[in-house]
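In the numbering used here, the protein residues as written are -3 to 325. A virtual CB, placed ideally from N, CA and C, is assigned to each residue, including glycine. Just so you know, these numbers come straight off a predicted model, no measurement behind them. Structure record follows, encoded as C-alpha cells.
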Amino acid sequence: MNSATFREYLVIVSVTVLSHAVAVAVAYEFAQFFRLKPISPECFKDNTSTVVVIEFHFFYFPDECRDATMISYRSSEVLDYSPLTETEVNQLFSINHVDMCINITNTDSYSLIFNMEELTGNCTGPLFEIVGNPRLSHLTIGDFINNLEPDAIRIRGNPLLTKDDLDVFANFSDVQLEGECLLPSPLQSRSRVPHGCKYIYGILSLTGYSSLDDYFYLGYYNYPFTGCIEIESTTLKNVYFLNHFKDFTPIRGCKQYIANNSELCVGNSSFWREVFGDIDIYNNKIDCPDQCDGGVVNETYLSSTAACEMRIGDVVIADLTGHLFHYVT
C-alpha cells in the first residue's frame, strides 16, 4: 500500500451462546479521500480467520457476524453510506452498540431506522447528522439519544420531516424546524433556490461565473435563512439578491466573506455587516455608482437622494402624498 492510501478497521464484537465473548474483526481497506472500494476483508473468530466478501455496493453481514452486539469504525471520519440502500442502512444501525460517526446526507431515503441503544464515536463534528435528504419523511430513533450531549446531533434541511419526528430531538441544539430545505452549494442560478420551503439552511457559496449576474429576482418573498455567506472571485455586479435572505441566523463556526470580486459593487458594507453579522467585506470594486441607503419615502428623502444611482436596503413607501415622478430620472 502506498502513502496515498490507508487502512482502517471495522470491528464487530459478537457474543455467542458460549460463556466467553467471541471477537470478530472485519478489516476494510479504503482508498484516497476515504472512498470505499469493494474488497475481501478478513473476519476473525476464535483465533482463526477466513476471508469473507463484504462489499458496500452489496452490503450484508457474514453469517459469522449475525449475532453482533457492537460495530465500530475507529476513525473520526464518517463512512460513505451512499452505496447502501435504505434497507441496508437500517440493517447496519440495528446493532445494539454503534461506535462510529453517522452522517446521512443527500440520500433518496424515505424512512430510516436507528434502533441502536448506544451511539459513541470520536468525531470532528456532531456524532449524528441527518442533513439535506429531500424525500426523508420519517425517522425511527432508539434509546441512544438519551445519553448524548445537546450538541451531538444535527438534523437540518430535511423538508418532509414532520413536527412529530423533530420533537424527538427537542433537547438538542442544532435541529431544524418543519419545512426546512438545504440550499445547494455552490449556488449558481436562481432556479436552484429551493421552492415551497418555509426555511432554508446551508452555505450560500458563490465563486466564478454565476447566472445570478443576469437575473436574480425571487419576487417579494424573503427566506428565513440559517447559514453562511461565502462570495469570492465571482463575476457578480451587485448583491441585490442578498435582500431575500435578510431574515438570517448564522451557522456557528462558519467564516463569512464577500471578497476579491473585481466587478462587484457591494454597496453599504455597514448595512450588510448589520444584516449578516461577522462578515468580512474586502477587495471588491471601488469606483461604484453613487449609492444611498434605503429609507421611508417622503418629500425629504426623495429630494436628498435624487442623484443616487443605487439604493441599498429597504425603501418603504407608505401614506405618500404629492408628486414624486419629477424626482425619478
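| Asked | Found |
| --- | --- |
| Name, in chain order, the residues that DSSP records as bridge partners for residue 139. | Bridge partners of residue 139: none, in fact. |
| Could you spell out the range, first to last residue, of the beta strand (DSSP E) harbouring residue 101? | 98 to 101 |
| Which residue wins for smallest C-alpha separation from residue 132, given the options 67, 178 and 264? | 178 |
| Just how far apart, CA to CA, sit residue 250 and residue 198? | 10 Å |
| Do you know how far the Cα of residue 298 is from the Cα of residue 172? | 42 Å |
| Roughly how many whole angstroms lie between the Cα atoms of residue 230 and residue 244? | 22 Å |
| Please report the distance separating the alpha-carbon of residue 78 from that of residue 107. | 15 Å |
| Residue 66 and residue 89 look like a contact to me (Cβ under 8 Å); what is the Cβ gap, rounded to whole Å? | Wrong, their Cβ atoms sit about 12 Å apart, outside the cutoff. |
| Determine which residues share a DSSP beta bridge with residue 149 and list them. | 124 |
| How is the beta strand (DSSP E) around residue 276 delimited, first residue to last? | 275 to 278 |
| Measuring only the C-alpha atoms, how far is residue 284 from residue 188? | 29 Å |
| Please go through the same chain and pick out, in chain order, the residues whose beta-carbon is closer than 6 Å to the beta-carbon of residue 196, but skip the five residues on each side of it. | 177, 179, 219 and 221 |
| State the start and end residues of the unbroken alpha helix (DSSP H) segment that holds residue 83. | 82 to 88 |
| With 16 as the cutoff for other CB atoms within 10 Å, does residue 170 come out buried or exposed? | buried |
| Below 8 Å on the Cβ atoms is my contact criterion, and I expect residue 270 with residue 253 to pass it. Report the Cβ-Cβ distance as a whole number of Å. | Not really, about 16 Å apart at Cβ, beyond 8 Å. |
| If I'm right that residue 255 touches residue 276 with Cβ under 8 Å, what's the distance once you round it to whole angstroms? | 6 Å |
| With three or more C-beta pairs closer than 8 Å as the rule, is the segment 154 to 170 touching the segment 86 to 105? | no |
| So the beta strand (DSSP E) residue 107 belongs to, where does it begin and stop? | 107 to 110 |
| Have a look at 311, 278 and 175 and flag the residue whose alpha-carbon is nearest the alpha-carbon of residue 294. | 311 |
| Under the assumption that residue 262 contacts residue 280 (Cβ atoms under 8 Å), give the Cβ distance between them as a whole number of angstroms. | 5 Å |
| If the criterion is Cβ atoms closer than 8 Å, does the pair residue 234 and residue 260 meet it? | yes |
| Since residue 136 and residue 100 should fall inside the 8 Å C-beta cutoff, what is the C-beta to C-beta distance between them, to a whole number of angstroms? | In fact, because the Cβ distance is near 13 Å, the residues do not count as touching under 8 Å. |
| Since residue 228 is in the beta strand (DSSP E), which residue starts that stretch and which ends it? | 221 to 230 |
| For residue 248 and residue 121, I'd like the C-alpha separation in whole angstroms. | 12 Å |
| Please report the residue range of the beta strand (DSSP E) in which residue 244 lies. | 244 to 246 |
| Helix, strand or coil for residue 129 per DSSP? | coil |
| Span of the alpha helix (DSSP H) holding residue 115? | Where residue 115 is concerned, there is no enclosing alpha helix (DSSP H), although the beta strand (DSSP E) it sits in stretches over 114 to 116. |
| In the DSSP output, which residue or residues are listed as bridge partners for residue 199? | 224 |
| Roughly how many angstroms lie between the CA atoms of residue 126 and residue 236, to the nearest whole one? | 32 Å |
| Does residue 178 come out as helix, strand or coil in the three-state DSSP assignment? | strand |
| For residue 240, count the other beta carbons within 10 Å of its own beta carbon; 16 or more makes it buried, fewer makes it exposed. Which is it? | buried |
| When the Cα of residue 123 is compared with those of 147, 129, 130 and 138, which residue comes out closest? | 147 |
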